[in-house]
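Data first, discussion second: the structure below is written as structure tokens.
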Amino acid sequence: MAFRNGVPIATCLMEAAAWRRTVRMACRCGHAALFHPHALWWLYERKGWDGAFSLMRRRYVCSVCLALSGRRVRPTITAEGTEDPTVRLPLPPEREWKRAVSRFR
Numbered sequence: 000m001a002f003r004n005g006v007p008i009a010t011c012l013m014e015a016a017a018w019r020r021t022v023r024m025a026c027r028c029g030h031a032a033l034f035h036p037h038a039l040w041w042l043y044e045r046k047g048w049d050g051a052f053s054l055m056r057r058r059y060v061c062s063v064c065l066a067l068s069g070r071r072v073r074p075t076i077t078a079e080g081t082e083d084p085t086v087r088l089p090l091p092p093e094r095e096w097k098r099a100v101s102r103f104r
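The sequence shown lines up with residues 0 to 104 when you count with numbering that gives the first Met the number 0.
Written as structure tokens, this is what we have:
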């Protein structure tokens with residue numbers, strides 16, 4: 000957990016999901032995708048991947064930049080706001096989510 004002006008900022012998927020913050024992946028070209036935090040956490044949990052935002056960057060590439068210039072541009076990942084997600088992924092079972100929240104506290 001990091002702080003900006005005294006406000007906690009999520010640095011991993013578990014924090015974003017626990018605080019109900021939409022995960023935003025944005026490229027410098029302006030292309031952005033919004034993910035439901037619980038669904039993205041569940042994907043990473045099932046795959047056994049580390050959910051730290053700094054490590055998540057290497058798994059994603061801007062599809063617009065790749066198509067136009069052929070370059071792999073990594074997005075910035077933030078968890079601020081509660082906008083509706085643009086990418087749909089399956090949500091975790093309620094029992095799994097409650098177990099994860101009890102470990103998080």
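For each residue, glycine too, the CB sits at the ideal point set by N, CA and C.
Looking at C-alpha atoms only, which residue of the options is the closest neighbour of residue i?
| i | options | result |
| --- | --- | --- |
| A38 | E95, G69, R102, C26 | E95 |
| V22 | V6, F52, G5 | F52 |
| V86 | M24, A16, A17, R3 | M24 |
| R73 | M13, R3, A32 | A32 |
Mark residue i as exposed unless 16 or more other C-beta atoms lie within 10 angstroms of its C-beta, in which case mark it buried.
| i | result |
| --- | --- |
| A1 | exposed |
| A106 | Residue 106 is absent from the structure shown; the chain starts at 0 and stops at 104. |
| G5 | exposed |
| W48 | exposed |
| G69 | exposed |
| C28 | exposed |
With a CB to CB cut of under 7 Å and the five nearest residues on each side skipped, what residues in its chain are close to residue i?
| i | result |
| --- | --- |
| A17 | V100, F103 |
| A64 | Correcting the residue type first, residue 64 is Cys in the shown sequence and not Ala. Within the same chain, C64 has close Cβ partners C26, C28, R70, V72. |
| H30 | C61, V63 |
Leaving out five residues before and five after residue i in sequence, what residues of the same chain have Cβ atoms less than 8 Å from its Cβ?
| i | result |
| --- | --- |
| R19 | P36, T81 |
Give every residue of the same chain whose Cβ lies closer than 6 Å to the Cβ of residue i, excluding the five residues on either side of it in the sequence, and list them in chain order.
| i | result |
| --- | --- |
| A78 | A9, A15, R20, V22 |
| L90 | H37, A38 |
| F34 | V22, P84, V86 |
Across the region 58 to 70 and the region 5 to 22, are there enough close Cβ pairs to call them in contact, namely three or more that are closer than 8 Å? Between the region 58 to 70 and the region 5 to 22, the count of Cβ pairs shorter than 8 Å is below three; the stretches do not touch.
Complete runs of the alpha helix (DSSP H) confined to the region 37 to 73 [at least 4 residues]: For the region 37 to 73, whole alpha helix (DSSP H) runs of length 4 or above, ordered along the chain, are 52 to 55, 62 to 68.
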